[in-house]
Structures are given as C-alpha cells and as structure tokens.
Amino acid sequence: MLDTLITGARVRTFDAARPWAGAVGVTGGRISYVGDAADAPAAREHRRLDGGLITPGIIDSHNHLLLGFDPDAVSLEGADTLDEVRARIAALAAARPDLTWICAENAVYSVVPGRRPSARDLAGLTSRPVFVTTYDQHSVWLNDAAVAVLRLDEGG
Numbered sequence: 049m050l051d052t053l054i055t056g057a058r059v060r061t062f063d064a065a066r067p068w069a070g071a072v073g074v075t076g077g078r079i080s081y082v083g084d085a086a087d088a089p090a091a092r093e094h095r096r097l098d099g100g101l102i103t104p105g106i107i108d109s110h111n112h113l114l115l116g117f118d119p120d121a122v123s124l125e126g127a128d129t130l131d132e133v134r135a136r137i138a139a140l141a142a143a144r145p146d147l148t149w150i151c152a153e154n155a156v157y158s159v160v161p162g163r164r165p166s167a168r169d170l171a172g173l174t175s176r177p178v179f180v181t182t183y184d185q186h187s188v189w190l191n192d193a194a195v196a197v198l199r200l201d202e203g204g
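Take 49 as the starting number for the sequence shown in this note's numbering and just add one per residue.
Listed below in structure tokens is the structure:
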C-alpha cells in the first residue's frame, strides 16, 4: 500500500516510451509508483494537484522560474545606459496599454554606475507597475507602483 497517492497533475516521466503519466505514489519517503491513476495501488492518503505539474525524482533547489522569453516583456539586452533602459520601458508602456504590468528582462547593473538601480530610476515612465529582471535572474527592479501593489513597503 502506498503512503501517498498524488493525482490530478500532469506527471512528466522523462521516459521516451511513456513521457506522461497521471499519478505518483510515495512509500517510505520514496517514489514507488508512476503511472495511470486508475491503475495505482491503494494509498493511505490521496492528494489532488489539479492543474499541477510533477517531475518525479527531479530536485532543483536553484530555480530561475522567470528565465526565458516572455513575449509581453521588453528585452533590455544591449541597453547599457539608464536612458536606454527608460526609453525601452516607456516604449513598451506606450505600445501596450492592455498590459497590467510592464515587464522588462535582462537588465545589467552597470546602467547606474556605482550603485544598484532603484524605483526612482523608473519614476515617471508609467503609472502601472514596472517589473525588471536582471540578466542573471538574481535581482528584480521595481517602480513605486509595483512596490505598492506587492505591499513591500508594508513588509509584504
């Protein structure tokens, strides 16, 4: 008998013969079943992860969830001055009034020599929240509207 049966999620098996499954079973803290939910052994506990994704056996403690192309973000690749960063963000804000958040990717720290970027560097570009990721994905740069929405000024 399984300790826990997890169903309802897409299970990526990384097995070319069967790349997807519908359930994962755990016994004694180890994965003991990967397969169809209907064929799974009985379990003491059943958890449903509707809409989730499971990658059994894959543990990555250093995820860069935002790394990758976002079609609704402006790339800051090659923007090596604050003026260029501001111009690209302002252009996206003007061109995309439908976006709730204005997002930019691949900022470099050197656009503000001798210090870190701050909200005041993004002031006046738009009244919408601005979210900028750095090229290494280890920092984000927010404007005042984003700070307020995320309630970071309140300890968010």
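Backbone N, C-alpha and C fix where the C-beta goes; we use that ideal spot for every residue, glycine too.
Note that the coordinates shown come from a computational prediction; the quantities given were computed from them, not determined experimentally.
Would you mind sorting residue 189 into buried or exposed? The rule is 16 or more other CB atoms within 10 Å of its CB.
Residue 189 should be labelled buried.
List the residues that DSSP assigns as beta-bridge partners of residue 153.
Per DSSP, 123.
Give me whichever residues DSSP pairs with residue 81 in a beta bridge.
DSSP, once it has assigned bridges, lists 73 as partnering residue 81.
Cβ of residue 152 within 8 Å of Cβ of residue 122?
Yes, these two residues count as a Cβ contact at 8 Å.
Between the stretch 138-149 and the stretch 93-104, can you find at least three pairs of beta-carbon atoms closer than 8 Å?
The answer is no - the stretch 138-149 does not touch the stretch 93-104, with fewer than three Cβ pairs under 8 Å.
DSSP puts residue 52 in a beta bridge; with which residues?
74, 93, per the DSSP bridge assignment.
Just the C-alpha distance for residue 59 and residue 185, rounded to the nearest angstrom, thanks.
Between residue 59 and residue 185, the C-alpha separation is close to 27 Å.
Three-state secondary structure (DSSP) at residue 171?
DSSP places residue 171 in coil when its eight states are reduced to three.
Given that a residue counts as buried once 16 or more other Cβ atoms are within 10 Å of its Cβ, and exposed if not, what is residue 161?
Label assigned to residue 161: exposed.
Once DSSP output is grouped into helix, strand and coil, what is the label at residue 147?
If DSSP states are grouped into helix, strand and coil, residue 147 belongs with coil.
With distances taken Cα to Cα, identify the nearest neighbour of residue 212 among 63, 129, 53.
In the structure as shown, the chain starts at 49 and stops at 204, and residue 212 therefore has no counterpart that could be examined.
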